[in-house]
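Quick mapping for you: the protein sequence lines, in order, are chains A and B. Sequential numbering of the first sequence, starting at 6, is according to our numbering. Sequential numbering of the second sequence, starting at 6, is according to our numbering. C-beta: ideal position from N, C-alpha, C; glycine also. Worksheet for the structure shown next.
There are 2 protein chains.
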Amino acid sequence: MKCTIGVDIGGTDVKIGKFYGDQLNKKMIIKTNKENKGSNILQDVFKAIDKIVGLDQLEGVGFAIPGPVVKGHILGSENLGWERFDVESEIRMHFKNIDIYVLNDANAATVGEMAYGGGKKFKNFVFVTLGTGVGGGVFINGRLVEGVSGSAGEIGHLKVNTGNIRRCKCGLYDCLEQYSSATGVVITANELRIGRNTKLNEIDITCERVFDLAKAGDEVALEVVDEMVHKLSLGLSIVSSVINPEAFVIGGGVSKSGEFLIEKLRKKFYTYAFYSIENTDFVLAQLGNEAGIYGANYAVRNKII
Amino acid sequence: MKCTIGVDIGGTDVKIGKFYGDQLNKKMIIKTNKENKGSNILQDVFKAIDKIVGLDQLEGVGFAIPGPVVKGHILGSENLGWERFDVESEIRMHFKNIDIYVLNDANAATVGEMAYGGGKKFKNFVFVTLGTGVGGGVFINGRLVEGVSGSAGEIGHLKVNTGNIRRCKCGLYDCLEQYSSATGVVITANELRIGRNTKLNEIDITCERVFDLAKAGDEVALEVVDEMVHKLSLGLSIVSSVINPEAFVIGGGVSKSGEFLIEKLRKKFYTYAFYSIENTDFVLAQLGNEAGIYGANYAVRNKII
Numbered sequence: 006m007k008c009t010i011g012v013d014i015g016g017t018d019v020k021i022g023k024f025y026g027d028q029l030n031k032k033m034i035i036k037t038n039k040e041n042k043g044s045n046i047l048q049d050v051f052k053a054i055d056k057i058v059g060l061d062q063l064e065g066v067g068f069a070i071p072g073p074v075v076k077g078h079i080l081g082s083e084n085l086g087w088e089r090f091d092v093e094s095e096i097r098m099h100f101k102n103i104d105i106y107v108l109n110d111a112n113a114a115t116v117g118e119m120a121y122g123g124g125k126k127f128k129n130f131v132f133v134t135l136g137t138g139v140g141g142g143v144f145i146n147g148r149l150v151e152g153v154s155g156s157a158g159e160i161g162h163l164k165v166n167t168g169n170i171r172r173c174k175c176g177l178y179d180c181l182e183q184y185s186s187a188t189g190v191v192i193t194a195n196e197l198r199i200g201r202n203t204k205l206n207e208i209d210i211t212c213e214r215v216f217d218l219a220k221a222g223d224e225v226a227l228e229v230v231d232e233m234v235h236k237l238s239l240g241l242s243i244v245s246s247v248i249n250p251e252a253f254v255i256g257g258g259v260s261k262s263g264e265f266l267i268e269k270l271r272k273k274f275y276t277y278a279f280y281s282i283e284n285t286d287f288v289l290a291q292l293g294n295e296a297g298i299y300g301a302n303y304a305v306r307n308k309i310i
Numbered sequence: 006m007k008c009t010i011g012v013d014i015g016g017t018d019v020k021i022g023k024f025y026g027d028q029l030n031k032k033m034i035i036k037t038n039k040e041n042k043g044s045n046i047l048q049d050v051f052k053a054i055d056k057i058v059g060l061d062q063l064e065g066v067g068f069a070i071p072g073p074v075v076k077g078h079i080l081g082s083e084n085l086g087w088e089r090f091d092v093e094s095e096i097r098m099h100f101k102n103i104d105i106y107v108l109n110d111a112n113a114a115t116v117g118e119m120a121y122g123g124g125k126k127f128k129n130f131v132f133v134t135l136g137t138g139v140g141g142g143v144f145i146n147g148r149l150v151e152g153v154s155g156s157a158g159e160i161g162h163l164k165v166n167t168g169n170i171r172r173c174k175c176g177l178y179d180c181l182e183q184y185s186s187a188t189g190v191v192i193t194a195n196e197l198r199i200g201r202n203t204k205l206n207e208i209d210i211t212c213e214r215v216f217d218l219a220k221a222g223d224e225v226a227l228e229v230v231d232e233m234v235h236k237l238s239l240g241l242s243i244v245s246s247v248i249n250p251e252a253f254v255i256g257g258g259v260s261k262s263g264e265f266l267i268e269k270l271r272k273k274f275y276t277y278a279f280y281s282i283e284n285t286d287f288v289l290a291q292l293g294n295e296a297g298i299y300g301a302n303y304a305v306r307n308k309i310i
C-alpha cells in the first residue's frame, strides 16, 4: 500500500507525518537547522523522509512552510532565514516522480482543520492561530484562498489601534498580533500589573498563567484577558466586514484556554460587528500542532488548488 | 427573441434595464417611493417592467437591492425603509414562471464590473464604490462572496481610526466611509479649511470641487485628498491582509477623479500593506451607475451562485 507524507517546517522543529490515506501512521520530529540561512533544512527533511519510507512506496509529499507561497515559490521566511526561491523545484530534484504540494503553514493548518477538525462542517470559515504570533487562513466557497502574493489570511497584521503604540516585527505598528498573541498578552500583563494588587506580581508571567489567574478570578489578569479579547474581536469583526464567514475556528497555544476564551470572544465580537453580521460561529480547532502535517498531507493527496 | 431584466433599486430612483443577452436594449428610471416603509416599491417596479416587456417574452429578472441579502431575503434596508422580509417570494407572486435572482446592490455592481467592466481580467478582486457612502463587493476564485448573513464586502465599515472620532450612521465610530466617501471628504475639507489660505473658503464645498481644487494645486485641498487616500489605503491594506486580491476596482462618484486618485492610492497602499503583499492592481470601474443593472441581469442569466 502506498503512502503520502505531510511535512510542517517550523522555526524550531520540523514535523513529518507518514499517512496511509487520511490516517497518520507514523510521526517524526527533527530539529530545524537555521545555520547558513537555513540552506540545509530541505536536505535534512529529505533524509528523514527517506528513512521512514522507500521512494517506491511514496505517492506524494506536502510541505507546509512559514512564509508567503506563490506557485511553489516562497517569497521569504524570517523564521527559517530563507530568501525568495523556488521551493517546489528544489523538492522536485529529490523526489522526481511523485506529487508535490507546497503551501503556507497557516494555510496547511487551515486545510487540516477543514478536512479533519473544527472547520469540517463549514464551507466558509477563517482559521485563527493564536500562538507566539497571530496567523490565519481563509477558506471560502469550499476552497482555500491563498492570495495573489500568498498573503491571504495574514490577520495577525490587521491594524487594531492607531497612534503607533506597539511596534510589530513586520515594521509597522499596532498589528493584531502585538495584542492578541501569547506575546501580546505578556506585554499587556506587564503593563497592567504595575502598582496593582494582583498575583501577576508574584509569578514569572506567561500567557498560560495569565489565563489561569483570570479563570481563578484575579481582577488584573481578567483585565489583561479582556484587552486581548477586545483587540481580537475588533480584528475578527474587520474580517467579517470583508468576507462575513460562517465561522472562526480558533487554534494555537492560547486557544488551550478553551471555552473561557471562546465565550468572551463571541460576546465581544458582536459589539464591534456591523449590524447585519449574524450567525457567526466561534469554535475551537481540534488538531493542535498536528494541523499542519494533516493539512499538508490532505493538500497533496487532493491537489486542493 | 426572449429578454431579461436587470433592476437596481436605489434610495432615490430605480433603474430598470431590458437586455437581450448581454446587450442593454432599453433603460428606464422611476422614482423610489419610500412612503409607508417603501411598501409600494416592488409593485411600482412590476408595473414599469410590465410596460416595457410582455410576460411571454420575459425569461428572468435580477434585482439589486440596497441591504444585506440572504437566500432571497433582505435583512433590512435603511435606504428603502424595508424591514426583514422575503423579497424573492414577493417577486415570485408577480412573476410566476421565470428565473428570479435577488442580490445586494454593491454585489450586483461587482458582478457587472466582473462581467463587462474593470474586473473582467481578474479572478480575484474587490470592487470599491466611493459615493455618498463606501461600499464594496468581493469576488474570489471566480465567484461572488456574499457572506453567511449577506454582509461580505461591507468595507465602508472597516475601522480606520480609534478614539471614537467620527460617528458613523451604523452606530459605531471611525468607519472608513466617514473618511473616504464623498461625505467624508466634505467633512475633512470643512475641518482643514478653517483659518487657512485656500479656495475652499470661497466655494460651496462638494467632493468634486475639492478634487478639482486639489488637481489645480490648492494645498489645503491636496491635504484633504491625501487624508481621504490615507484612510482608504489603510482600509484596502486591511482587505489585502485578509484575502490579498489581485486588484481593487474603484468605482462610485468619487472615482470620477480618475488616475489622479488611483495614482495616489496605489502609492500610499504599499506604505500600509504587509511586506509580502505585491502585484496588487488598482483600476477604475467602467460601468458607472449602470453597473447594478448589468450585474443584476448577468446574475439572473447565469444563475451565478
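Residue i versus residue j - alpha carbon distance
i      : j      : result
A/P73  : B/G122 : 30 Å
A/K36  : A/N45  : 11 Å
A/E40  : A/I21  : 20 Å
A/L266 : B/F51  : 51 Å
A/L227 : B/V225 : 46 Å
B/Q28  : B/E64  : 15 Å
A/F253 : B/D231 : 35 Å
B/K128 : A/Y106 : 22 Å
A/V215 : A/M233 : 11 Å
A/Y277 : B/K42  : 28 Å
B/V133 : B/G16  : 19 Å
A/K7   : A/E151 : 29 Å
A/T211 : A/K174 : 20 Å
A/G222 : B/T167 : 29 Å
B/I34  : B/D18  : 7 Å
Span of the alpha helix (DSSP H), counted from its first residue to its last, around residue i
i      : result
B/V234 : E224 to I248
A/C212 : C212 to K220
B/N41  : E40 to G43
B/T115 : D110 to Y121
A/R97  : V92 to H99
B/A187 : A187 to L197
B/R148 : It is not in any alpha helix (DSSP H) - B/R148 instead sits in the beta strand (DSSP E) that spans R148 to V150.
Chain A contact for residue i (CB, 8 Å cutoff)
i      : result
B/A69  : no
B/A157 : yes
B/V16  : Residue identity check: residue 16 of chain B is Gly in the sequence provided, not Val. Chain A, which has no Cβ nearer than 8 Å to the Cβ of B/G16, makes this no.
B/N249 : yes
B/E283 : yes
B/G117 : no
B/I309 : no
B/N129 : yes
B/H235 : no
B/K20  : no
B/L239 : yes
Whole-angstrom C-beta distance between residue j and residue i, which should lie under 8 Å
i      : j      : result
B/L149 : B/I309 : 6 Å
A/K204 : A/L218 : 5 Å
A/A187 : A/G136 : 6 Å
A/S238 : A/L270 : 6 Å
B/S156 : A/I298 : The pair is not a contact, with the Cβ atoms about 35 Å apart (cut-off 8 Å).
B/G263 : B/L163 : With 8 Å as the limit, B/G263 and B/L163 do not qualify as a contact, their Cβ atoms being about 24 Å apart.
A/P250 : B/V153 : 7 Å
Residue range of the unbroken beta strand (DSSP E) whose run includes residue i
i      : result
A/L63  : L63 to I70
A/M6   : Run containing A/M6: none; DSSP gives neither H nor E here.
B/N30  : Q28 to K36
B/I103 : No beta strand (DSSP E) contains B/I103, which DSSP labels as neither H nor E.
B/V254 : A252 to G256
A/I135 : First, the residue type needs correcting, since residue 135 of chain A is Leu and not Ile in the sequence shown. F130 to L135 is the span of the beta strand (DSSP E), which, as asked, contains A/L135.
A/L289 : D286 to L289
B/G22  : D18 to Y25
Cutoff 8 Å: residue i Cβ touching any chain B Cβ
i      : result
A/G176 : yes
A/T188 : no
A/G124 : no
A/I243 : yes
A/S185 : no
A/G3   : For chain A, the structure presents residues 6 to 310; residue 3 of chain A sits outside this window and is missing.
A/T134 : no
A/N166 : yes
Report the residues of the segment 59-83 of chain B with a CB closer than 8 Å to any CB of chain A, ordered along the chain.
Taking 8 Å as the Cβ-Cβ cut-off against chain A, the residues of the segment 59-83 of chain B that qualify are G72, P73, L80 and G81.
When you check each C-beta in the segment 139-150 of chain A against every C-beta of chain B, which residues fall closer than 8 Å?
Listed by position, the residues of the segment 139-150 of chain A near chain B (Cβ gap below 8 Å) are V143, I145, N146, R148 and V150.
Check distances from the C-beta atoms of the segment 266-281 of chain A to those of chain B and list, in chain order, the residues that come in under 8 Å.
From the segment 266-281 of chain A, only Y277, F279, Y280 and S281 have a Cβ closer than 8 Å to chain B.
May I ask you to list, following chain order, the residues of the segment 89-103 of chain B that have a beta carbon less than 7 Å from some beta carbon of chain A?
Going along the segment 89-103 of chain B in chain order, one finds no residue with a Cβ nearer than 7 Å to chain A.
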